Each structure stands twice: as structure tokens, then as C-alpha cells.
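Student: Once you've had a glance at the structure underneath, I'll fire off some questions.
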Amino acid sequence: MIQRRQSLYLLAAALLAAAAIFRPIATYRLDEGRSVVFLSTGLEDQAGSSITEAEPRVPFAALFGLLSAGLVVSIFLFKDRPRQMRVVRGLFLLGFGVLAFLVITDRSIQVYLTQGQRIDVSYGAPGPMLIAMLLLLFLAERAIRADDELVRSADRLR
């Protein structure tokens, strides 16, 4: 049932979560001309080598992948609307947690890199993509609820 409104919202949210894996989360430019890129797989310097001292504790690539897979699975739960609503609510909470961990990790990386020097931070697309995904999940949950209420009212009329 891909033509349902909530299925389109869930598909768009899944595509956003999957695309967030491949985009840089933030780029930090240090005073000395060096730059560090915060990817979903970890921190890399401008040469492309991994910085293990400040490696993020949260595996963001796995979390974005889990969100994307969960959203695709929730599309196919259209026959069981209460379960679909529970799955979407759970994915919303997971997405909100990922956003919180993203902000916390970004701040800790900034503290690690600052160490007496000024840094310029430019944020990439995954932050706004995650916020848009949460908005789409909210809209999908509302559409699922409206669909469920419509079916219940039709059952009462029979």
C-alpha cells in the first residue's frame, strides 16, 4: 500500500535516514589550517586518516541504518495499524535519541579539538535531515491514527 499518505512519509523518512549515513555531519577548521571531518563512521583529518583519540562512542552509521531499515519495515505493517503506530513511535524516540547523541558528540569533539585554539564549525546535511525525518515520522503517525479512526468509524456503521 505505497500509495497511502503515511507510506510516502515513511519512505521519505527512510531515504533521509539512509542518505545521512554518507554525508559529513560536521567539518571543524582549526587555526593551524588543519581540518577535521565528523562522519557517521568516525572522525577523519584532511588526509583521510582516522582520529582514534576522539572517536565517537555512538556508532552513528549503524543507528542511521537501523532507523532506515525500521522505517522500511514499518511501511509493510499497513495491515496491522496499531503495531505500525507503535513501531513508528519507537522509531521516533530512537531518532530523537540519535539527534541528542549527535549534539552531545559534536560538543565533546569541539571541546577536544579546541584546546587553546579557535575552531570554525560548519555543519553538514545529516542534522537537518534528521529533524526532517522526525517531522515526517510525526506526520506519518498522525496519518496512521486518522486511517485507523476512519476504519473504526466505518466498522461502526456496518
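With this note's numbering applied, the sequence shown closes on residue 140, and no number is skipped along the way. C-beta atoms are modelled at their ideal positions from N, C-alpha and C, and glycine is treated no differently. On a predicted model such as this, the values are computed, not experimentally measured, just so you know.
(1) Closer than 6 Å by C-beta to Leu112: which residues in its own chain qualify, once you throw out the five before and the five after it? Chain order, please.
(2) Would Arg5 pass as a contact of Pro108 if the rule is Cβ separation under 8 Å?
(3) Can you tell me the Cα-Cα spacing of Ala1 and Asp102, whole angstroms?
(4) Where does the unbroken beta strand (DSSP E) through Leu(-10) begin, and where does it stop?
(5) How far does the beta strand (DSSP E) with Leu21 in it extend, from its first residue to its last?
(6) Counting pairs of Cβ atoms below 8 Å between the segment 120 to 131 and the segment 20 to 40, do you hit three or more?
(7) Please go through the segment 55 to 124 and give each complete beta strand (DSSP E) segment of 3 or more residues, from N-terminal end onward.
(8) For Glu26, report the span of its beta strand (DSSP E) as first-last.
(9) Taking one C-beta from the segment 129 to 136 and one from the segment 68 to 79 each time, how about it: are there three or more such pairs within less than 8 Å?
(10) So Ile7 packs on Val70, CB below 8 Å; how close in whole Å?
(11) Going by alpha carbons, who is nearest to Ser32 out of Leu21, Val40, Leu95 and Arg(-14)?
(12) So which of Thr96, Asp88, Met115 and Tyr94 has the shortest CA-CA distance to Tyr105?
Tutor: In this structure, then:
(1) Locating residue 112 in the sequence shown gives position 130, counting from the first residue. Contacts found: Leu81.
(2) Translated into positions along the sequence shown, residue 5 becomes position 23. Translated into positions along the sequence shown, residue 108 becomes position 126. Result yes, Cβ atoms of Arg5 and Pro108 sit closer than 8 Å.
(3) By one-based count along the sequence shown, residue 1 stands at place 19. By one-based count along the sequence shown, residue 102 stands at place 120. In a straight line, the C-alpha of Ala1 is about 25 Å away from that of Asp102.
(4) Here residue -10 is taken as the residue at index 8 of the sequence shown, counted from 1. Element bounds for Leu(-10): not the beta strand (DSSP E) but the alpha helix (DSSP H), Arg(-13) to Ala2.
(5) Along the sequence shown, read from residue 1 onward, the residue named residue 21 stands at position 39. Leu21 -> beta strand (DSSP E) spans Ser17 to Leu21.
(6) no
(7) 101 to 105
(8) The residue you call residue 26 lines up with position 44 of the sequence shown. The continuous beta strand (DSSP E) containing Glu26 extends over residues Gly24 to Asp27.
(9) no
(10) Along the sequence shown, one-based indexing puts residue 7 at 25. Along the sequence shown, one-based indexing puts residue 70 at 88. The pair is not a contact, with the Cβ atoms about 25 Å apart (cut-off 8 Å).
(11) Translated into the one-based positions of the sequence shown, residue 32 becomes position 50. When each option's Cα is compared against that of Ser32, the closest is Leu21.
(12) Translated into positions along the sequence shown, residue 105 becomes position 123. Taking Tyr105 as reference, the option from Thr96, Asp88, Met115 and Tyr94 with the minimal CA-CA separation is Asp88.
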